[in-house]
Each structure stands twice: as structure tokens, then as C-alpha cells.
Amino acid sequence: MKIYTKTGDKGSTSLLSGKRVPKYNERINAYGTVDELNSHIGLLRSYDIPKESKHFLISIQNLLFTIGSNLADDSENNKFNLPQITNEHIVKIEEEIDRLDQELTPLSSFILPGGHLAVAQSHICRTVCRRTEREIVTLSESVSVDLLIIQFLNRLSDYFFTLSRSLSNHFNIEQTPWVHE
6 MKIYTKTGDK GSTSLLSGKR VPKYNERINA YGTVDELNSH IGLLRSYDIP KESKHFLISI
66 QNLLFTIGSN LADDSENNKF NLPQITNEHI VKIEEEIDRL DQELTPLSSF ILPGGHLAVA
126 QSHICRTVCR RTEREIVTLS ESVSVDLLII QFLNRLSDYF FTLSRSLSNH FNIEQTPWVH
186 E
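If you want it as C-alpha cells, here you go:
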């Protein structure tokens, strides 16, 4: 199988059903942003972060492929029998947030992203995750989107914030508080 098909050379692409849509279609924007988030997570995993976090991030990357495939499915009856995001996936994110949060001091102000490359990359993942969520909420106004996908991404952005704080501790990096000037 060749990686290039030339079918998108005129600015359109196919959804799972085979229907051709413009590359600026809301579905394409939504699952394209999911793909972007997945790539940023891959970069975060390339840093020397704790193994537990790397393993958790791999599971998240797999679930993002599940989300992308669901967003690309424009069929009325989910005829492709795709895997789904479940409440259990959301609970696992919450449990991981709680695990990381146990080692953290309570927040007293907003934190500026940065201090270490992995910490900054975790914040990038957080903000791309928020954008992904917004893209999917926008899509949900015109097509049916499983609410669990939106909940999953909302919780995932919270996870990346908590991970950034945990990584600051791991690397012994002082977090920079926001100072209103």
C-alpha cells in the first residue's frame, strides 16, 4: 500500500463512509486536532518522565485513535462497529489525576507554563486538548457526537495540568506563579 493516494490533491478527503468532504469540514478539523494532540503527547513521552506516566500516556494515545475514528464515522448507525469511549476511561483519568495530586501542594495562584521542557510540553498538551474539546463541541452542534468524548477530553486537559505540576516536582523545578502587574 502506498502512503500517497493523490485522492486529496483537490482539497477533499473521505470520511469512513467513503463520502468526500472538503478538508476544512468540521469533522476533519475535529479529528485533525485529535491527531495533533496525539502527536504532542508522543513528544511528551520522548522526555525522561516517570514510566508510570509514559504508560498512561500510551493508553491515552490509543484512546485518541478511538476518538478520531468515531469522529470520522459519518454513518447513521455506526455500521463500522468502532471501539467507543466509556465512562471507565474517564474514571481512569480521574484516578490518575488523584494519584498525581496526592504528592502536590495545594494551589495558591495560577502557574505560568515552563521551567522544564517536559513541563512546558505537558502544558502544550493541555492547551491543544482544550482546543480539541472546543472543535468537537462545535462539531456536536451540527452532528451527533458521543458526550463521553467531550467529557473524556475535558478530564484529559485537567490531567495534563496535574501532570505538569507533578513533573515540576519530579524534576525539582520551581513553579512560577502568575503575578498580576
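Each number in my numbering comes from the position in the sequence shown (counting from 1) with 5 added on. Note that CB positions come from ideal geometry on N, CA and C, so glycine has one too.
Rounded to whole angstroms, the gap between the alpha carbons of G47 and Q66 is 8 Å. Here the alpha carbon of V184 sits roughly 9 Å from the alpha carbon of L117.
Annotation for T18: no alpha helix (DSSP H) segment contains it, though the beta strand (DSSP E) segment containing it runs S17 to S19. About 11 Å separates the Cβ atoms of R32 and V39, ruling out a contact at the 8 Å cut-off.
Rounded to the nearest whole angstrom, the C-alpha separation of H94 and R160 is 10 Å. DSSP places V133 within a helical segment (H, G or I) once states are collapsed to three. Only residues of its own chain outside the window of five on either side were considered, and among them A123 have a CB closer than 8 Å to the CB of D53, listed in chain order.
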